[in-house]
Amino acid sequence: MKIFFATDIHGSEVCWRKFLNSAAFYKADLVVLGGDVTGKAMVPITAHSGYWEVTLRGETLRLDSKSELDDIITRIRNSGFYPAIVSPDELAHLGGNEAAVGERFEQEMISSLDRWLDMADGKLHGGDIPCILNGGNDDIFEIDNVIESSPCVSFAEGKLLDLDGFSLVSMGWTNPTPWNTYREAPEEELAPKIEALAALVPDMGRAIFNFHAPPYGTGLDEAPALDDNLRPMHGGAVMKPVGSKAVRDAIVKHQPMLSVHGHIHESRAIKRLGRTMAINPGSVYGDGVLQGAVLELDKKKAKVSRYLLVNG
Amino acid sequence: MATESVSGTPTLFLRNATGLVRGWSVRDSMIYACLSTNVVTLGIYEFSYQSFIPKGQLLTSVLISAVWVSFLVIAYAGLIVTIPRAGGDYVWQTRILGSGLGFVMAATGWWFILWLWAPIYGNILSVELFQPLWATLGDPSGATWFASKTGIFVVCLITIAVAGFLVSLGMAGYARIQKYCFYAGLIGFAVVVILLLVSSKSSFISSFDTEAHKIFGVNNAYAATTSGAAKTGYVSPAFGFGPLGASMLLVPMMMFYLLWPNWGSTLYGEIRGASDFKRVFTGMFSGLWITAILSVIFLLLVAKTFGTGFYNDSNALYWSAYYGGKIPAAIPIWPYPVMFAGWLVHNAAFQTILILLMSVWFFGWVGTLFLSSTRVIFAAAFDRVLPDRAAEVSEKRNVPFYSLILMLLPAVALSAVYAYSLKFETYTLDATLVIAVTYLFSAIAVVILPWRKPELWRASPASRFKVAGVPVVPVAGVITIGLLGYNLYEWLSNDAYGVNNHDSLIFMGILYVLAIAVYVTARLVRRRQGIDLGLVNKEIPVE
Chain C
1 MKIFFATDIH
11 GSEVCWRKFL
21 NSAAFYKADL
31 VVLGGDVTGK
41 AMVPITAHSG
51 YWEVTLRGET
61 LRLDSKSELD
71 DIITRIRNSG
81 FYPAIVSPDE
91 LAHLGGNEAA
101 VGERFEQEMI
111 SSLDRWLDMA
121 DGKLHGGDIP
131 CILNGGNDDI
141 FEIDNVIESS
151 PCVSFAEGKL
161 LDLDGFSLVS
171 MGWTNPTPWN
181 TYREAPEEEL
191 APKIEALAAL
201 VPDMGRAIFN
211 FHAPPYGTGL
221 DEAPALDDNL
231 RPMHGGAVMK
241 PVGSKAVRDA
251 IVKHQPMLSV
261 HGHIHESRAI
271 KRLGRTMAIN
281 PGSVYGDGVL
291 QGAVLELDKK
301 KAKVSRYLLV
311 NG
Chain Y
1001 MATESVSGTP
1011 TLFLRNATGL
1021 VRGWSVRDSM
1031 IYACLSTNVV
1041 TLGIYEFSYQ
1051 SFIPKGQLLT
1061 SVLISAVWVS
1071 FLVIAYAGLI
1081 VTIPRAGGDY
1091 VWQTRILGSG
1101 LGFVMAATGW
1111 WFILWLWAPI
1121 YGNILSVELF
1131 QPLWATLGDP
1141 SGATWFASKT
1151 GIFVVCLITI
1161 AVAGFLVSLG
1171 MAGYARIQKY
1181 CFYAGLIGFA
1191 VVVILLLVSS
1201 KSSFISSFDT
1211 EAHKIFGVNN
1221 AYAATTSGAA
1231 KTGYVSPAFG
1241 FGPLGASMLL
1251 VPMMMFYLLW
1261 PNWGSTLYGE
1271 IRGASDFKRV
1281 FTGMFSGLWI
1291 TAILSVIFLL
1301 LVAKTFGTGF
1311 YNDSNALYWS
1321 AYYGGKIPAA
1331 IPIWPYPVMF
1341 AGWLVHNAAF
1351 QTILILLMSV
1361 WFFGWVGTLF
1371 LSSTRVIFAA
1381 AFDRVLPDRA
1391 AEVSEKRNVP
1401 FYSLILMLLP
1411 AVALSAVYAY
1421 SLKFETYTLD
1431 ATLVIAVTYL
1441 FSAIAVVILP
1451 WRKPELWRAS
1461 PASRFKVAGV
1471 PVVPVAGVIT
1481 IGLLGYNLYE
1491 WLSNDAYGVN
1501 NHDSLIFMGI
1511 LYVLAIAVYV
1521 TARLVRRRQG
1531 IDLGLVNKEI
1541 PVE
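So the sequence lines, in the order shown, correspond to chains C and Y. In terms of the numbering used here, the first sequence is residues 1 to 312. In terms of the numbering used here, the second sequence is residues 1001 to 1543.
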């Protein structure tokens, strides 16, 4: 069985479109997106009478036609941002109101995800190609129901899924980050969550852990070291392990066949932990490139027979 | 939630999410760039070869080189902010130019040729630390032993061990060491500046003669140096800026130290923000120009206190004797200007401390030898071009054991060849040439980036940096191609640089053949295993 695994596309529409095409491109039997689906930023486009105005990466643009507007919206979406068309009054209101910004963010995330799932329906032949999604620490909980309700995508968070004889268990929660995001918990709380999932697995020799947090100290979790003010130290050249010790302990203890991770974009790496092959394909969603892992699983030998990290 | 705004109007709303970091300190990257273009270890060492272009003016060539390399800094800043990835040239070239070319250029420029840099680093440690230190401590024969073949080889092994140890420390530990070394090195440099500033030429001549006699038993060493150089047929140019043509010919030599402000580009991770172009550029640019300014200060003070003629004569005579000339050098070890400056104070303890203090320029820099190689080896292993083991890291100490072997063992072998073959030592500039070729392809990549990857370019902060409506980064790329093309032409056509001879070309050719062989073998082996390496960088269609 061939799986394509990608992660952390953070709202990048071009990466989502590539993900939907990845099964055909890599001749994969199923595709898995490992969390952090939603974007981090929203770009207001101010609607004036007869034109729109937007500031994109420091450059203020006046858009006089619908086609110019559509072009900018595509650019914004491809970068992983949400375009939000607002009136000047709405923009002024958002500027001083965190709650209103949060509400608008949520609206944009949900509507964008809805649109993505509609696209998936066509590309994945209405569910003929299995597609699995789960949350990541940066994803709000409100997206869970949206994905769950999709007919062509399986929402994997906190579940055991059977993949033609292999067992996939998924968890989007991570150990704490400096940003206090949505699905993060102390290590001592992560451990029982993982154990509960592991208890569902009938045969660890055929198990795949799909945990957003990479295992600590494995090279899959190297992020730029930050000082107290969240400033990268030494020009961003100094890295330090920031993965989860609970995830690592669980892999070492249970020895699943494969574990796939994300969360730390710059830590594209592979590491063997005993019998387990642990992979983080990394993410460069901002470049519009879909990094991923093409994994061939040998059903008879219960092992990863081939793998390739790709920049699609 | 956070906002970015222009004149009070919000232009971007950010929500709480991982990785939203604040801009990093420019100072750190400036220090890395300054130590990579190291005026003391690389600069002063290369200045000593002025006699190979006898009419060339060091001061002029330093300034021309620094201005020209500034465009390389702009081009690389553009690449760094557009594709900010650890692995630098390897990542950019594989993504923009193709997997095979990217691997060959990165493997030769950031891995294989660093085997040759190991003995070059070792030689510099020998001439700037062990030789002057032993001499100052009253053991001139010990000092000359360090200049012998075995002495050079032993110091090369020490260098490789130190560099390997620093790699195993990791960047966090090494960055701290680097910072301390930089500041201590600046204090040492300031001491040298003060000594040269407050001393007259006549007091230097007197001190030089006294100390040379005391340490090496040489009488009237200053006069013996100038007359010895004259007997070799060398005539130093008077201090000044011209002639331009000969000074231009020194530019390919100056690349030995000024071509590396971008050395940290392989280490930058995924950090990008609207203002990053300015930060990345400023870090590298200020590092380059601090080095250039320190070089100018050094050369001006040398002219004032040593005398330009004497300085060039001492170097010319040393190299003439070293390469088998009949006239012996007045001072039997490499003429280290810091040692000469220390002789202005007739106190062995002070002289020793000054040499040790200035040696931190070496120790802050030596880690750069293998740090980037590990990144390239890891990246190639994850792309399945190298065996998986190449990227393995030991569990206990987090040491990249196999990649260290891939770097250290060939470096030891090449150090032996370098130390025991005088011919091979003249290939020093091969080490610069091969990296320049790698840079050349990155410069080509930056020029074609707006056409090859238009979306990526449009989204890059570098694309907004324009002068009169023209994007500066691709133009800087073209000027960089000019810089590298000029240097490559001179290196390959002019005998003075010691790289265009048959054996040197064979040596460099072997490196490229080896890289091609590794890549082709990997493609074939992986194909047999059912893995198509062609897929690694093949873009998935969007529609």
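Glycine included, each C-beta is placed from N, C-alpha and C at the ideal position.
Within 7 Å, strictly: CB atoms of residue i and residue j
| i | j | result |
| --- | --- | --- |
| residue 1365/Y | residue 1123/Y | no |
| residue 225/C | residue 233/C | yes |
| residue 1265/Y | residue 1088/Y | yes |
| residue 1078/Y | residue 1473/Y | yes |
| residue 1153/Y | residue 1419/Y | yes |
| residue 1374/Y | residue 1400/Y | yes |
| residue 1051/Y | residue 1234/Y | yes |
| residue 1477/Y | residue 1436/Y | no |
| residue 1460/Y | residue 1082/Y | yes |
| residue 247/C | residue 213/C | yes |
| residue 157/C | residue 170/C | yes |
| residue 230/C | residue 15/C | no |
| residue 1325/Y | residue 1232/Y | yes |
| residue 1353/Y | residue 1133/Y | no |
| residue 1053/Y | residue 1496/Y | yes |
| residue 1409/Y | residue 1440/Y | no |
| residue 108/C | residue 82/C | yes |
Exposure of residue i, with buried meaning 16 or more beta-carbon neighbours within 10 Å
| i | result |
| --- | --- |
| residue 36/C | buried |
| residue 1028/Y | buried |
| residue 1457/Y | buried |
| residue 1421/Y | exposed |
| residue 1360/Y | buried |
| residue 1045/Y | buried |
| residue 75/C | buried |
| residue 98/C | exposed |
| residue 1451/Y | exposed |
| residue 189/C | exposed |
| residue 274/C | exposed |
| residue 26/C | buried |
| residue 1453/Y | buried |
Spatial distance of residue i from residue j (CA atoms)
| i | j | result |
| --- | --- | --- |
| residue 1481/Y | residue 181/C | 46 Å |
| residue 1332/Y | residue 1168/Y | 37 Å |
| residue 310/C | residue 1464/Y | 30 Å |
| residue 1065/Y | residue 1163/Y | 28 Å |
| residue 1338/Y | residue 1058/Y | 18 Å |
| residue 65/C | residue 59/C | 18 Å |
| residue 1258/Y | residue 1382/Y | 32 Å |
| residue 31/C | residue 295/C | 10 Å |
| residue 123/C | residue 20/C | 6 Å |
| residue 1244/Y | residue 1489/Y | 18 Å |
| residue 1504/Y | residue 1513/Y | 14 Å |
Per-residue DSSP class, three states only, for residue i
| i | result |
| --- | --- |
| residue 1468/Y | coil |
| residue 220/C | coil |
| residue 277/C | strand |
| residue 177/C | coil |
| residue 1417/Y | helix |
| residue 308/C | strand |
| residue 1272/Y | The predicted position of residue 1272/Y is uncertain, since its pLDDT is 49 and thus under 50; no value can be drawn from it. |
| residue 1328/Y | coil |
| residue 240/C | strand |
| residue 1214/Y | helix |
| residue 1167/Y | helix |
| residue 232/C | strand |
| residue 1136/Y | helix |
| residue 1011/Y | strand |
| residue 1543/Y | coil |
| residue 153/C | coil |
| request: Kindly provide the ranges of any alpha helix (DSSP H) runs that are 4 or more residues long and lie completely inside the stretch 23–51 of chain C, ordered along the chain. | output: With a minimum length of 4 residues, no continuous alpha helix (DSSP H) run stays inside the stretch 23–51 of chain C.
| message | Could you tell me which whole alpha helix (DSSP H) segments of length 4 or greater appear in the stretch 1331–1379 of chain Y? | response | Counting only runs of 4 or more, we get 1337–1342 and 1348–1363.
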